[in-house]
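Let me begin by presenting the structure, written as structure tokens, before commenting on it.
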Amino acid sequence: MNDKPKIIVGLVVVLVAATFPFWYTLAKGRDVLPEDRERPSEGSRCVMDDPVANHMQVLNTWRDEVVREGDTEQIKVDGKKYHKSLTDGCLQCHSSREDHCDRCHEYANVELTCWECHLGSKGD
Amino acid sequence: MNVLISLAAVGGLFLLGTLGGAPGMGWIFGVVLPYLAVGIGIGGLIWRVMSWANVPVPFRIPTTCGQQKSLPWIKSNPLENPHNGLTAVGRMALEVLFFRSLLRNTKAEVIDQRRLVYTSAPWLWIGAMAFHWSFLIILVRHLRLLANPVPWCVTFLQRADGFLEIGLPVIYVTTVLFLAGLAYLLARRLASPQLRYISLAGDYFPLFLFLGIGISGFWLRHWTKTDIVSVKQVAVGLSGFSFDSDALAAAGSLFYGHLFLVCVLLAYFPFSKLSHFAGVFLSPTRNMANSNRSVRHVNPWDYPVKVHPYDEYEDEFREKMKGAGVPVEKE
Amino acid sequence: MPKPDEMSYYQQEDLLNIDATPPKTGWMDTPVDLRPGSFIYPGKAKNLKILDLPNPRDWAIGDDDWKLPEGWKKTVLEGMADRLSKYRSFKLFMDTCVRCGACADKCHFFIGGGDPKNMPVLRAELLRSIYRKEFTVMGKILGKLAGARELTEDVIKEWFYYFYQCTECRRCSVFCPYGIDTAEITMIARELLGLLGLYINWSIEPVANCFRLGNHLAIPPHGMMDTLEFMVGDIEEATGIRVDLPVNKKGAEVLFVTPSGDFVADPGIYTCMAQMLLFHELGIDYTFSTYASDGGNFGLFTSHEMIKRLNAKVYAEAKRLGVKWILGGECGHMWRVMHQYMDTMNGPADFLEVPKSPITGTVFDHAKSTKMIHIMEFMADLIKHNKLKLDPSRNDHIRVTFHDSCNPARAMGILEEPRYVLNAVCNNFFEMPRNTIREQTFCCGGGAGLGTDENMEMRLRGGLPRGNAVRHVQEKHGVNQLAAMCAIDRATLVTVCDYWAPGVLVTGISELVANAMVFTGENERKQNLRLEDIPGREEDEPREGDANDE
Numbered sequence: 001m002n003d004k005p006k007i008i009v010g011l012v013v014v015l016v017a018a019t020f021p022f023w024y025t026l027a028k029g030r031d032v033l034p035e036d037r038e039r040p041s042e043g044s045r046c047v048m049d050d051p052v053a054n055h056m057q058v059l060n061t062w063r064d065e066v067v068r069e070g071d072t073e074q075i076k077v078d079g080k081k082y083h084k085s086l087t088d089g090c091l092q093c094h095s096s097r098e099d100h101c102d103r104c105h106e107y108a109n110v111e112l113t114c115w116e117c118h119l120g121s122k123g124d
Numbered sequence: 001m002n003v004l005i006s007l008a009a010v011g012g013l014f015l016l017g018t019l020g021g022a023p024g025m026g027w028i029f030g031v032v033l034p035y036l037a038v039g040i041g042i043g044g045l046i047w048r049v050m051s052w053a054n055v056p057v058p059f060r061i062p063t064t065c066g067q068q069k070s071l072p073w074i075k076s077n078p079l080e081n082p083h084n085g086l087t088a089v090g091r092m093a094l095e096v097l098f099f100r101s102l103l104r105n106t107k108a109e110v111i112d113q114r115r116l117v118y119t120s121a122p123w124l125w126i127g128a129m130a131f132h133w134s135f136l137i138i139l140v141r142h143l144r145l146l147a148n149p150v151p152w153c154v155t156f157l158q159r160a161d162g163f164l165e166i167g168l169p170v171i172y173v174t175t176v177l178f179l180a181g182l183a184y185l186l187a188r189r190l191a192s193p194q195l196r197y198i199s200l201a202g203d204y205f206p207l208f209l210f211l212g213i214g215i216s217g218f219w220l221r222h223w224t225k226t227d228i229v230s231v232k233q234v235a236v237g238l239s240g241f242s243f244d245s246d247a248l249a250a251a252g253s254l255f256y257g258h259l260f261l262v263c264v265l266l267a268y269f270p271f272s273k274l275s276h277f278a279g280v281f282l283s284p285t286r287n288m289a290n291s292n293r294s295v296r297h298v299n300p301w302d303y304p305v306k307v308h309p310y311d312e313y314e315d316e317f318r319e320k321m322k323g324a325g326v327p328v329e330k331e
Numbered sequence: 001m002p003k004p005d006e007m008s009y010y011q012q013e014d015l016l017n018i019d020a021t022p023p024k025t026g027w028m029d030t031p032v033d034l035r036p037g038s039f040i041y042p043g044k045a046k047n048l049k050i051l052d053l054p055n056p057r058d059w060a061i062g063d064d065d066w067k068l069p070e071g072w073k074k075t076v077l078e079g080m081a082d083r084l085s086k087y088r089s090f091k092l093f094m095d096t097c098v099r100c101g102a103c104a105d106k107c108h109f110f111i112g113g114g115d116p117k118n119m120p121v122l123r124a125e126l127l128r129s130i131y132r133k134e135f136t137v138m139g140k141i142l143g144k145l146a147g148a149r150e151l152t153e154d155v156i157k158e159w160f161y162y163f164y165q166c167t168e169c170r171r172c173s174v175f176c177p178y179g180i181d182t183a184e185i186t187m188i189a190r191e192l193l194g195l196l197g198l199y200i201n202w203s204i205e206p207v208a209n210c211f212r213l214g215n216h217l218a219i220p221p222h223g224m225m226d227t228l229e230f231m232v233g234d235i236e237e238a239t240g241i242r243v244d245l246p247v248n249k250k251g252a253e254v255l256f257v258t259p260s261g262d263f264v265a266d267p268g269i270y271t272c273m274a275q276m277l278l279f280h281e282l283g284i285d286y287t288f289s290t291y292a293s294d295g296g297n298f299g300l301f302t303s304h305e306m307i308k309r310l311n312a313k314v315y316a317e318a319k320r321l322g323v324k325w326i327l328g329g330e331c332g333h334m335w336r337v338m339h340q341y342m343d344t345m346n347g348p349a350d351f352l353e354v355p356k357s358p359i360t361g362t363v364f365d366h367a368k369s370t371k372m373i374h375i376m377e378f379m380a381d382l383i384k385h386n387k388l389k390l391d392p393s394r395n396d397h398i399r400v401t402f403h404d405s406c407n408p409a410r411a412m413g414i415l416e417e418p419r420y421v422l423n424a425v426c427n428n429f430f431e432m433p434r435n436t437i438r439e440q441t442f443c444c445g446g447g448a449g450l451g452t453d454e455n456m457e458m459r460l461r462g463g464l465p466r467g468n469a470v471r472h473v474q475e476k477h478g479v480n481q482l483a484a485m486c487a488i489d490r491a492t493l494v495t496v497c498d499y500w501a502p503g504v505l506v507t508g509i510s511e512l513v514a515n516a517m518v519f520t521g522e523n524e525r526k527q528n529l530r531l532e533d534i535p536g537r538e539e540d541e542p543r544e545g546d547a548n549d550e
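Protein chains in written order, with this note's numbering: chain A, 1 to 124; chain B, 1 to 331; chain C, 1 to 550.
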């Protein structure tokens, strides 16, 4: 019994599956780079340190303080006051959900639950 | 000794990998080494599997673990004792996907100084299932970094895996199972004197390697919180052969430690016991149908052997045979 | 004072005090302890010469110098390379083990002895360590760190000791997630030892006998006639029926091949007598053969080539006699050979016909290529079709349990047929615990050529799991007989039961069938085939203490 052809077929299947990222990217032909991250429109810095790593925690804390504990006191950074709010805080400096949040979130496929309650873009 | 060497090796490799975060080193640790590792992994796998495929299977030697197919009114057990190709595939599926044989595991011990008893010992199976399945799901989940746009099934898996919605970012169930499974597999190897006795460095090293990959991955997601966009740029850049110096520089040392351990794993597995993942498919005691008496199996290297033919036998005993009334060919 | 080859030398408390703690030294640095009672004497030069095997000489295990041939190391390594290119099983099993240890406490020798080198995984590592050193890059570079070691004379001695402490029963392979079969590894290791002229006499002498005379026990054709005629006499005494004795009969429909143990050894002879009675009653046109006078094949315990050399006679004799198909008796390892090797090695049997029961007309399609069926398949079919007149109450004094023999269970899967037959002929049949029967059955401790008295310690230790299960049903259900369809079982389990479950006798299944069968023209049955009174039937005819007088 010569089972070599069967083994080779199996091996090819495994290799095709293992190299999926290569031929998928080749087939899609899309740009592999994200759109540029939108920088804040006003001021030169964010209210939080290292927002890329920490924004989810900060937003979560704000949510708990404002929604659950009713503590709506504004925070003060560099003498300027900000609402502890995604739409009334973050999106006052940043332009919109699409430009500011979704570019990275979609790129990295990080799903978020913010917009299940909040409305999307500024001014909506 | 084997434990410490393996642990030190994995630790050293991790530290070596973190060098990728140094200026300019991203090109080596983020581009050159990953491609090299993939090349060695794929080449090694082909070499390994062909090294088995090139060896014939001279005899049909399935281990039968259930009733054979014989008389029509006797119920056979095709998944434990397959009688054709299709049922053999079924048996293999159980073996590969659910570790059927391992599930049988028992523990034998003498109690009351005289009675030998067997108890079910499913923990090895549970630990192995937790580790292997989590590993597979984690691999598929990582496609969100290697493919753009992310295929829907990956997103689906990611959602299902994070269904507990604990932690921010969400902790995946497979992350926990992966690390817990590995911890158990390591602990049992260290705790049992017999297992410790048979364990080689080659048994501890992969465990530590996987643990290193798992812990650094956990760290990247939940603790240090790597710049995921840069990481994806590096990763999907590897998929599409398009590299960006800024992203390579921004990915961070910890990420390179993680990535380097993955590279080591890729390059190591075809040449180690980890090749069992391919070998299990080829195991003749499992993948052959027990159709021995209904379909003739041919041995490709069969050769004539010296036998004692009947004429020689009769020549030696003819007179005695005749005397005893046994019929003979030549009177 | 009892000696190490006697059962009474060993105290049960000592054997049950199993210490499975590994030694302080690593296994590569722990030399083999060649302890009397736990090894088998070497193959004698005369037997090797009969078979044209290399390096025939007389030597002893205790000798420092085992008189290995010139260039022995090269011989072994070339032998390994050759087999790595011929047996995928061997190559794969060298590469894929992950040392998970699931096999460890599945081996009867490890369970009963606790020697770590009797864990199947470590038994294989004895060979794997040399494979790594000589055939893998990692092993060559990293040496001991990669689990590799040099091939030395001490390694050869260790191989000889431990690969003759494996009965090739395949129980470990049932539990291995990769199906690694230690029997395959042991078979190859024994072949490698054979290249140096290292054999055990307990298997190589039967092989030499079998090659020359057709059977392991060196029964010449006229001797076989004597013993069969003696059985015909005993059958007549027990039943009043005089059965035919067809031997080397040309043109018979069926060639009956059975283990030679059933021609001479108690209790195997009763199984043979039972089969002669059955064939007579049904009028089956069959024949024994003095040339193919053993279905058993100790070649299986020697080398693949030797299996083929000894097995060739079966088809050759079937062809010479012009039979239509072959029926095989109750034997374990014989059925491994007949089922998994014979057709490949000595087929195709295109001169035979697909076995068809002359009584029921059933065509045994599952044996359409090999053209050989098992006596239990044949009997189960007869009973299913009500072709046997049975009075199971004749076996009412027997409370029987059934020992699945390793090879029929794990290399064939004939599990239900014997149970069907047993249930039809016995009213009191009790199964042993689940983890000790069917595919999880335990070896008798003396298979694969290890069933000799000089190996008594290992036989008793290896027999512990089976003996313990027998004692369990003895205590729980009053079991007094153990049925087994294997000639080696019928020889070795007698010892195991005497030691671990005294009071339990060993029997073949056919014997129980014949004792339950109502034969045409039989006398009023007062004695069974062992010429013992059947309880409850002897009082009809008062005897004065001369029941067994011969």
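Cβ coordinates follow ideal geometry from the N, Cα and C atoms, glycine included. This one's a predicted model, so the numbers in the text were calculated from it and none came from an experiment.
Cα-Cα separation, residue i to residue j
i: Thr87 of chain A; j: Trp115 of chain A; result: 10 Å
i: Ser272 of chain B; j: Gly12 of chain B; result: 19 Å
i: Gly127 of chain B; j: Met517 of chain C; result: 54 Å
i: Arg410 of chain C; j: His108 of chain C; result: 15 Å
i: Lys387 of chain C; j: Pro220 of chain C; result: 36 Å
i: Gly44 of chain B; j: Glu65 of chain A; result: 55 Å
i: Thr61 of chain A; j: Glu69 of chain A; result: 11 Å
i: Ile74 of chain B; j: Ala88 of chain B; result: 19 Å
Under 8 Å between C-beta atoms of residue i and residue j
i: Asn428 of chain C; j: Val400 of chain C; result: yes
i: Leu36 of chain B; j: Phe29 of chain B; result: no
i: Phe93 of chain C; j: Ile185 of chain C; result: yes
i: Val140 of chain B; j: Leu157 of chain B; result: yes
Of the residues the options, the one placed nearest residue i, counting alpha carbons only
i: Lys46 of chain C; options: C:Pro56, C:Pro465 and C:Gly328; result: C:Pro56
i: Asp154 of chain C; options: C:Leu92, C:Trp72 and C:Cys100; result: C:Trp72
i: Val513 of chain C; options: C:Met456, C:Arg490 and C:Ser393; result: C:Ser393
i: Glu314 of chain B; options: C:Tyr199, C:Leu422 and C:Gly214; result: C:Gly214
i: Lys384 of chain C; options: B:Trp52, B:Pro72 and B:Thr63; result: B:Pro72
i: Ser293 of chain C; options: C:Ala218, C:Arg320, C:Gly347 and C:Glu237; result: C:Ala218
i: Leu195 of chain C; options: C:Leu415, C:Val354, C:Pro54 and C:Lys67; result: C:Pro54
Same chain, Cβ closer than 7 Å to residue i, five either side skipped, listed in chain order
i: Leu182 of chain B; result: Phe131, Leu207, Phe210, Leu211 and Gly214
i: Phe279 of chain C; result: Tyr286
Contacting residues, own chain, Cβ-Cβ under 8 Å from residue i (five flanking each side not counted)
i: Lys49 of chain C; result: Pro56
i: Val96 of chain B; result: Val280 and Phe281
i: Phe227 of chain B; result: Checking the sequence, you will find Asp at residue 227 of chain B rather than Phe. Within the same chain, Asp227 of chain B has close Cβ partners Ala250, Ala251 and Gly252.
Closer than 7 Å: residue i CB and nearest the ligand NAD heavy atom
i: Ser303 of chain C; result: Looking at this structure, you won't find the ligand NAD or any other ligand, since it has none at all.
Cutoff 8 Å: residue i Cβ touching any chain B Cβ
i: Tyr341 of chain C; result: yes
i: Met56 of chain A; result: yes
i: Leu255 of chain C; result: no
i: Ile566 of chain C; result: Summary: the structure shown does not reach residue 566 of chain C, with chain C confined to residues 1 through 550, and so no result is reported for it.
CB contact below 8 Å: residue i versus chain C
i: Tyr313 of chain B; result: yes
i: Ser275 of chain B; result: yes
i: Val31 of chain B; result: no
Same chain only: Cβ atoms within 6 Å of residue i, ignoring 5 sequence neighbours per side
i: Glu417 of chain C; result: Met376, Glu377 and Ala380
i: Lys157 of chain C; result: Val32
C-beta neighbour in chain A for residue i, strict 8 Å
i: Val55 of chain B; result: no
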